[in-house]
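In order, the protein sequences belong to chains G and P. Residue numbering for the first sequence follows my numbering, starting at 20 and increasing by one per position. Residue numbering for the second sequence follows my numbering, starting at 278 and increasing by one per position. Backbone N, C-alpha and C fix where the C-beta goes; we use that ideal spot for every residue, glycine too. A quick note: this is a predicted structure, and the numbers were derived from the prediction, not measured. The structure under discussion appears below in the form of structure tokens.
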Amino acid sequence: ETGVTQSPTHLIKTRGQQVTLRCSSQSGHNTVSWYQQALGQGPQFIFQYYREEENGRGNFPPRFSGLQFPNYSSELNVNALELDDSALYLCASSTDSNYGYTFGSGTRLTVV
Amino acid sequence: QQQVKQSPQSLIVQKGGISIINCAYENTAFDYFPWYQQFPGKGPALLIAIRPDVSEKKEGRFTISFNKSAKQFSLHIMDSQPGDSATYFCAARFTNSGYALNFGKGTSLLVTP
């Protein structure tokens, strides 16, 4: 059973709308990353937060933004949704000393 | 561009056989190479990982072989079982980009009874 919980599990939005996806990490996991996984592809790194500060970003536009909170929860916000944003969005967390990441089961976003 | 290239795209192995998945990387700054297993509707789960100072790591039926000079690493699943049927992803971590994992495109493994 994963220690990372994501909500909602599925979501349908209209092009141009905004969406907020949520993630609850394991206690003590002060690093959280977000990934986008298109159908049939490997996850693509969006960004990472460490102790509530963004410390790494992949090749995603600024309309993808995030927040990390002191209680180990985090959010991924996407503005001005496009059809190509349809994907599985994965949250992953880890500790300082752990090279591995624990992934949640993801949020399946469909943009119509 | 794809920093980690994975092959084959799909693989069918009989129960009890050996499954082999290969990955190649370009950036020599990568310092951590994990393999993830993903079942439908689930997120990737860490299976096994290796650092570049080690040539082989074994955990149960799963073995990573690492060839630093060739910039290649592979996953071997011994005595493959139907329950191993899943999508497998290799990945590499590049420390200059906030520890981001760079994933391969995945291999869909089917183990037949």
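Whole-number beta carbon distance between residue j and residue i, since they are thought to touch under 8 Å
i      : j      : result
S92/G  : S43/G  : 5 Å
H48/G  : S112/G : 4 Å
L386/P : L288/P : 5 Å
L102/G : Q36/G  : Actually they are not in contact, since the Cβ atoms of L102/G and Q36/G sit about 12 Å apart, beyond 8 Å.
F343/P : I325/P : Wrong, their Cβ atoms sit about 11 Å apart, outside the cutoff.
Closer than 8 Å to chain P by CB, residue i
i      : result
F122/G : yes
E20/G  : For E20/G, the pLDDT reaches just 43, beneath the cut-off of 50, and the residue's location in the model is therefore unreliable, leaving the point undetermined.
Q60/G  : yes
Q45/G  : no
F83/G  : no
L109/G : yes
Q67/G  : yes
F64/G  : yes
Residue i: first and last residue of the uninterrupted beta strand (DSSP E) it sits in
i      : result
Q315/P : 307-315
L86/G  : 83-87
A111/G : 106-113
S346/P : First-last for S346/P: undefined, no H or E at that position.
L30/G  : 29-32
S357/P : Element bounds for S357/P: n/a, residue is neither H nor E.
Y365/P : 363-371
Burial state of residue i, where buried means 16 or more other Cβ atoms lie within 10 Å
i      : result
R34/G  : exposed
T129/G : exposed
G391/P : Because chain P in this structure spans residues 278 to 390, residue 391/P falls outside the shown range and cannot be described.
R82/G  : exposed
T389/P : exposed
F310/P : buried
G360/P : exposed
Q25/G  : buried
R70/G  : exposed
A347/P : exposed
Within-8 Å CB hit, residue i to chain G
i      : result
P285/P : no
F380/P : yes
F366/P : yes
G337/P : no
K348/P : no
Could you tell me which whole beta strand (DSSP E) segments of length 3 or greater appear in the segment 42-79 of chain G? Correct list: 50-56, 63-69, 72-76.
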